[in-house]
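Counting the sequence shown from 1 gives a position; our numbering is that position plus 2.
Worksheet for the structure shown next.
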Amino acid sequence: MAADPLATYRARRDPARTAEPVPPAGQPLPQGEDDTFVVHEHHTPRGRTGERVHWDLRLERGGVLRSWAVPKGPPLEPGLNRLAVPTEDHPLEYASFSGTIAAGEYGGGVSTIWDAGRYATEKWTDAHVTVAFDGSRLTGRYRLFRLPDGTWNLRRLDPDPVTEAPVAGVAEDLAPMLAAIGELPGADDPRWGYEFKWDGVRALAHVRSGRVRLRARSGNDVTATYPELHALPAALAGRDAVLDGEVVALDDRGRPDFGLLQGRMHRTGPEVARMAAAAPVSYLVFDLLALDGESLLGLTYTQRRERLDALGLASDRWTTTPWFVGNGDQVQAASVENGLEGVVAKRLDSTYRPGGRGPDWRKVKNLRTQSVVVGGWRPGAGRRAGGIGSLLLGVHDDDGRLVFAGHVGTGFTARALADLAPLLTARAASPFADALPREVTRDAHWVEPTLVGEVAFGEWTREGRLRHPSWRGLRDDLDPDDVVAEP
């Protein structure tokens, strides 16, 4: 009988004390695609006040995660070597683990996901591993190699001009054009096009040489999060393109449901394939930014939409969305009737301005929502006793400071609260620049302001607080620094 590759891992952990996944001995190893990677940032206590930090690189291989500890972190520049110490194999479930390992347990401390995604293997031997990463922080080719003295190094290789080049015509880090909140154009209506506003997360799809890379509005690579969209290049029949659209989860009536999408965000581990098969997302495409090496950013909205429609994208997993010239009031009425979030009005003669938010695109919402940064939480009572009762929220002011915008305690499911807890990183002091009321600070638990969520609310108060907010869910397509109060 073959040796158990997880025997050492299990021997070092007590399932009753550690929060880490510890699969029982004797069960078959899961069969994956040998293409998942994760990098954990691991903080362990050192003395009374200090701590030690290192990074753990884990590559899926043969049903487990082959692991190396990298004390100084993976190198991000070509030519730099970093020590990489082989450690015990970890279970595939560890690819989505983030949390606190109890003091006294092996590796006690806080472990968070620093990066995750897919990788492709070029070479794998006992002394030499060359792979190409497709993550948000780790991208491109890396080599793990054993030195004559038995130690290992990790090295970032020079970029591969074939696999790492952006789609010709536009920059790889292109930021999507944004819409300002506004009203229907009124008398100027015939000069505007109208689309429904979809309740999902924005993503640009870069399709090149038969591969797709999905980038969120924040710039993060979310390709590994939505594997059901990896076949999109086939729909383009060999053509290269950059598409702009919305990733959505549809309810049983075929309408986007932001709540259903929550379970898919921040996921990169082996469970993603199962979730994608059970409840796949769809990609609703509404703009074409480049085609076969030609940038289309300078074309008008009408010209880009006509070029997009000509591609004939239509399947269960992706489709071109409808658009209408004029009659904005009728389009908005249809959005209300169908329970959609609203409409987006776009000037027919407008060009595409990456990262811009101006008068050429307007979003007219049926439901008032606001993006928020999570800066802390307060304990709950009753069924929430001992856990999160409400979240403390913030937005950035005109000076770029994070200011308090109120707290939200409604709209959560038990699953949403359970998923939130391991994503919060504690900090000693408030991240908000302004003073908070005493009734908030007396039992507040502060966290690093790295998570972005969304709430529905009634209105802004004169004090700059959200009135009657209700939690809608996390957003992984927004950078916290971009969150400001919307009128």
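Glycine included, every Cβ here is placed at the ideal spot set by N, Cα and C.
Residue environment, residue i, which counts as buried when at least 16 other CB atoms sit within 10 Å
| i | result |
| --- | --- |
| residue 87 | exposed |
| residue 407 | buried |
| residue 209 | buried |
| residue 344 | buried |
| residue 199 | buried |
| residue 470 | exposed |
| residue 192 | exposed |
| residue 47 | exposed |
| residue 338 | exposed |
| residue 409 | buried |
| residue 226 | buried |
| residue 486 | exposed |
| residue 10 | exposed |
| residue 248 | buried |
| residue 308 | exposed |
| residue 127 | exposed |
| residue 434 | buried |
| residue 403 | exposed |
| residue 440 | exposed |
| residue 130 | exposed |
| residue 153 | exposed |
| residue 311 | exposed |
| residue 480 | buried |
| residue 491 | Look at the range of the chain in this structure, 3 to 489, and you will see that residue 491 is not part of it. |
| residue 211 | exposed |
| residue 458 | buried |
| residue 163 | Its pLDDT being 42, under 50, residue 163 is placed unreliably in this model, and the coordinates cannot settle the point. |
| residue 357 | exposed |
| residue 340 | exposed |
| residue 292 | buried |
| residue 465 | exposed |
| residue 29 | exposed |
| residue 246 | buried |
| residue 53 | exposed |
| residue 64 | exposed |
| residue 181 | buried |
Supposed contact pair residue j and residue i - C-beta distance, whole angstroms, cut 8 Å
| i | j | result |
| --- | --- | --- |
| residue 448 | residue 467 | That belief does not hold up - the Cβ atoms of residue 448 and residue 467 are roughly 19 Å apart, past 8 Å. |
| residue 303 | residue 195 | 6 Å |
| residue 443 | residue 427 | The pair is not a contact, with the Cβ atoms about 19 Å apart (cut-off 8 Å). |
| residue 67 | residue 97 | 6 Å |
| residue 75 | residue 57 | 5 Å |
| residue 364 | residue 336 | That pair is no contact at about 17 Å. |
| residue 45 | residue 55 | 5 Å |
| residue 73 | residue 85 | 6 Å |
| residue 204 | residue 229 | About 19 Å; that fails the 8 Å criterion. |
| residue 366 | residue 184 | 7 Å |
| residue 91 | residue 8 | 6 Å |
| residue 320 | residue 238 | Rounded, the Cβ-Cβ distance is 10 Å, inconsistent with contact. |
| residue 100 | residue 425 | 7 Å |
| residue 474 | residue 413 | 6 Å |
| residue 489 | residue 375 | So it is not a contact: roughly 18 Å between Cβ atoms. |
| residue 241 | residue 294 | 6 Å |
| residue 25 | residue 95 | 7 Å |
| residue 36 | residue 123 | 7 Å |
| residue 244 | residue 333 | Wrong, their Cβ atoms sit about 26 Å apart, outside the cutoff. |
Bridge partner(s) assigned by DSSP for residue i
| i | result |
| --- | --- |
| residue 102 | 112 |
| residue 93 | 66 |
| residue 155 | 85 and 147 |
| residue 372 | 457 |
| residue 344 | 199 and 367 |
| residue 121 | 135 |
| residue 417 | None; residue 417 has no bridge partner. |
| residue 142 | 135 |
| residue 475 | 456 |
| residue 129 | Paired residue(s): none; residue 129 is not in a bridge. |
| residue 252 | 258 |
| residue 209 | 214 and 243 |
| residue 428 | 449 |
| residue 468 | 462 |
| residue 181 | 360 |
| residue 349 | 194 |
### Query
Do the region 360-377 and the region 210-223 touch if we need at least three Cβ pairs shorter than 8 Å?
no
### Query
Between the region 250-260 and the region 320-334, do three or more beta carbon pairs fall short of 8 Å?
no
### Message
So within the region 258-326, which uninterrupted beta strand (DSSP E) runs reach at least 3 residues, ignoring any that extend past its ends?
### Response
284-293 and 320-322
### Query
Hey, is the region 280-288 in contact with the region 314-321, meaning 3+ C-beta pairs nearer than 8 Å?
yes
### Query
Can you give, in chain order, each stretch of the beta strand (DSSP E) that sits fully within the region 212-236 and has at least 3 residues?
213-218
### Message
So within the region 29-82, which uninterrupted beta strand (DSSP E) runs reach at least 3 residues, ignoring any that extend past its ends?
### Response
38-48, 52-63 and 66-72
### Message
Below 8 Å, how does it come out for the region 113-120 and the region 135-150: are there three or more Cβ pairs, yes or no?
### Response
yes
#### Entry: 3-residue-minimum beta strand (DSSP E) runs that sit fully inside the region 356-409, ordered along the chain
359-367, 371-381 and 390-398
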